[in-house]
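Data first, discussion second: the structure below is written as C-alpha cells.
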Amino acid sequence: MPDAQKFSQYSDDEILNELRRRSRRGTAWQKIPPEGLPSEPVGELIEELRVRQKVIYGVDDRQDLFEVTDQVLRDDADTVVSLFFSSDIRDNRDGTSTLATQNFGETYDLCDGEAFRQQPVGAFCTGFLVGEDLIATAAHCVDESGIADIRFVFGFQMASATNPVTSIANSEIYAGAAIVGRVLDGSGPDWALVRLDRPVAGHRVA
C-alpha cells in the first residue's frame, strides 16, 4: 500500500497526468508536472491511483448525451465545456478545428467489456458556463501561468454510439483570458472562475 500522506498534496488528475506524461501517449499530457511527482516510482503512483479509484455499485445506468431524452438534462449539458490545451487543437482553415484525442480504452488500459471503451478522450478537465463570459471549473485544472494556453470547447461529445464529434466550429472554441477567482485547498475547496476571451453565443448559462 502506498503512503497516503506522501501523495496527499496531489490530486487524482495530477497523478494520472504524470503517468500519462511518462508513457507519452499523446501531446495532451505534456503539462509541467507538480514538484516532487517526477521523482516518485511509477509503481507507487499506479498503486496510489488504484486505491483512490471508486467502484460503481448496482446498475451502471450512465448514458451518453445522444441517449438522453430529458430536455432539462440536455439543457444543462449545453452549458458544459471541455478543456483542451491549445497545442491539441488543429485549425483546419475552413472555420473548424480538429481536437487531438486518444482511445479511451487504450489510454486507461481498460478491459474489453468496459463501457465507453472505444470512445475518444482528449480533454483534461471540464467546466460549465456561469456567466456570459465566465466558466466555473476546478482550481487544479487552471492557473495564471497557463490560462492563455487553455481552450474551452463546446460540443465535444458522441453524436451516436460510433460517431464522436472531434471537428468543432471555431465559434465554439474560446480562449482563457484571466482567472477571476481561484481556491485550491487540500482540505476540500477546489474551484476557479475563468473569464473567456469573448462572450459566449448560443449556449445557456447554468
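Going left to right, the sequence shown walks through residues 217 to 422 as our numbering numbers them. By construction, the Cβ of each residue, glycine as well, lies at the ideal position given by its N, Cα and C atoms.
query, result
"Which residue from G362, G392, N233, P257 puts its Cα closest to that of L345?", "G392"
"Let's see if you can read the secondary structure: which residues bound the beta strand (DSSP E) around I305?", "305-307"
"Hey, D228 and L265 are a contact pair by Cβ (cut 8 Å); roughly how many whole angstroms apart?", "7 Å"
"Using the three-state DSSP reduction, which class does S255 fall into: helix, strand or coil?", "helix"
"What residues in its chain sit with their C-beta under 7 Å from that of A375, if we drop five residues either side in the sequence?", "F282, V381"
"What are the start and end residues of each continuous beta strand (DSSP E) run of 3 or more residues lying completely inside the region 356-414, in chain order?", "366-369, 374-376, 383-385, 389-400, 406-412"
"Given a cut-off of 8 Å, decide if H419 and D286 are closer than it, judged by their beta-carbon atoms.", "no"
"Using 8 Å as the Cβ pair cut-off and three pairs as the minimum, do the region 393-402 and the region 318-327 touch?", "no"
"How would you label A385, buried or exposed, when you count the other beta carbons within 10 angstroms and need 16 or more for buried?", "exposed"
"Is it true that the CB of T342 sits closer than 8 Å to the CB of S298?", "yes"
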